[in-house]
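K.L.:
Residue numbers (the numbering used here): 1469 to 1760.
We treat Cβ as the ideally placed atom computed from N, Cα and C, and that holds for glycine.
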Amino acid sequence: MNFLQTVVTIFGVTATISGVCSTVYAQLPQIEQAQTSYPLKQETVSQLEEKLDLSLLANTVTNFLRSESYQTQSEMEISMTAPGLSLKYLVEIETFTQAPDKFRSEITFLPSFESSTPVNYTVVADGSQIWIYRPDLQQYAVTNSADFSEMFLTGFSSLIFLEFSASIRESFPEAEITHENIVDLIEVTLKSNNFQSNDPNLNSGKQTVQDKEYYIYEYTVPEEELLFKAFVDPETAILNQLQFALKDEESNFVFTEQIVQRIANPLITADTFSFSPPQGAIMVESLSIRPF
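(1) If we ignore side chains and look at the alpha-carbon of each, how far apart do residue 1559 and residue 1576 end up?
(2) I need the DSSP call for residue 1752, collapsed to helix, strand or coil.
(3) So, residue 1544 versus residue 1699, is the Cβ gap smaller than 8 angstroms?
(4) Is residue 1733 helix, strand or coil when you go by DSSP?
(5) Ordered along the chain, which non-local residues of its own chain (more than five positions away) have a Cβ less than 8 angstroms from that of residue 1551?
(6) For residue 1567, which of 1635, 1739, 1690, 1651 has the nearest alpha-carbon?
(7) If we require 3 or more residues per run, which beta strand (DSSP E) segments fall completely within the stretch 1600 to 1661?
(8) So does residue 1556 have its beta carbon nearer than 7 angstroms to some heavy atom of the ligand GDP?
(9) Report the rounded CA-to-CA distance for residue 1758 versus residue 1586, giving the unit in angstroms.
(10) Hey, how far is the Cα of residue 1583 from the Cα of residue 1520?
(11) Consult DSSP for residue 1698 and reduce its assignment to one of helix, strand or coil.
(12) Helix, strand or coil: which one does DSSP assign to residue 1577?
(13) In three-state terms, what does DSSP make of residue 1760?
(14) Are the stretch 1675 to 1685 and the stretch 1696 to 1712 touching by the rule of at least three beta carbon pairs closer than 8 angstroms?
(15) I'd like the list of long-range same chain contacts for residue 1651, defined as Cβ closer than 8 angstroms, with 5 residues on each side in sequence excluded.
(16) Let me check one thing: in DSSP terms, what residues is residue 1550 bridge-paired to?
(17) Do you know offhand how far residue 1655's Cα is from residue 1588's?
(18) CA-CA distance, residue 1776 and residue 1533?
(19) Could you tell me the boundaries of the beta strand (DSSP E) in which residue 1672 lies?
(20) When you compare only the Cα positions, how much space is there between residue 1681 and residue 1675?
(21) For residue 1767 and residue 1541, what's the separation of their Cα atoms in angstroms?
(22) What does the Cβ neighbour count give for residue 1624, buried or exposed, with the cut at 16 atoms within 10 Å?
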């Protein structure tokens, strides 16, 4: 799966979010606004250019995929607006990933209008099965990767790393991932049918977030009403933030992940990607990752 396919696939999960929000909407039809304080406010936006900085993009991709394992700490804001309703969830995430398909994630939904206490989940994948555990309920469930639609809650950066790393390494089976071969791959991608149109769907430009300037790569899929943005530090070519926005009928969804820390080659033990049910935990048929 290439990067653009990955971006589109990610938004298959919005059915899950939409279902959650529809439930809340039915229960709380008079809600006008949820919690609004969050550090990812966008302050100024420049006009995005059509000419891409391919060198910076290649450096960013190379840095992002340099290692085969990472420990990522991030903060995610999930917001949804619809007529008469505005919801916002804040999530703290810590995820260990190991290419091509192993991860361990600690997910914490911060207190919201629905819950006065944090809601925690542990999600573990060993490459064949995925365990979801909710400690406050003492419940866990087991599923497989194909049926796990909430992978985005382990962090978009971790999800993209696992998907993108495998496909990139398959493209260069006999060579290391370097700036030069990433540039070649990007140029081939830009010549594909996804980008051969009168209306360019990949643009770039500068944007300021909390007094810091970033270089943005923006990808749009007009027919899907989908927008993807990657915020890159132009000095270091490090990815700092990802944002996905889309519209589903009358609902608007925005997912913003701020990468707080990303460590290459973290300490990984034999237990990192395995799960043993705690004493007293009960196995259930399914367990959704929700903020309440």
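P.N.:
Let me lay it out:
(1) Their Cα atoms are separated by approximately 6 angstroms.
(2) In the structure shown, residue 1752 adopts coil according to DSSP, grouped into three states.
(3) Taking 8 angstroms as the cut-off, the beta carbon of residue 1544 is found no closer than this to the beta carbon of residue 1699.
(4) In this structure, residue 1733 counts as coil in the three-state DSSP scheme.
(5) So the qualifying residues of the chain are 1718.
(6) For residue 1567, the closest alpha carbon among the candidates 1635, 1739, 1690, 1651 is that of 1635.
(7) For the stretch 1600 to 1661, the full-length beta strand (DSSP E) segments reaching 3 residues or more read 1607 to 1611 along the chain.
(8) Absence of the ligand GDP from the depicted structure is noted, as is the absence of any ligand whatsoever, leaving it without description.
(9) If I take the Cα positions, the gap works out to 11 angstroms.
(10) One C-alpha to the other measures close to 44 angstroms.
(11) In the structure shown, residue 1698 sits in a strand (DSSP, three-state: E or B).
(12) The answer is strand: DSSP assigns residue 1577 an E or B state.
(13) Residue state, collapsed to three classes: coil.
(14) Put simply, the stretch 1675 to 1685 touches the stretch 1696 to 1712. At least three CB pairs are less than 8 angstroms apart.
(15) Closer than 8 angstroms at Cβ, skipping near neighbours: 1522, 1523, 1526.
(16) In the DSSP output, where bridge partners are listed per residue, residue 1550 has 1553.
(17) So the two alpha carbons sit approximately 42 angstroms from each other.
(18) This structure does not reach residue 1776, given that the chain is present from 1469 up to 1760, and the question cannot be answered.
(19) Start and end: 1670 to 1677.
(20) Near 6 angstroms, if we compare the C-alpha coordinates of residue 1675 and residue 1681.
(21) Because the chain spans 1469 through 1760 in this model, residue 1767 falls outside it and cannot be assessed.
(22) Buried, because 16 or more other Cβ atoms sit within 10 Å of the Cβ of residue 1624.
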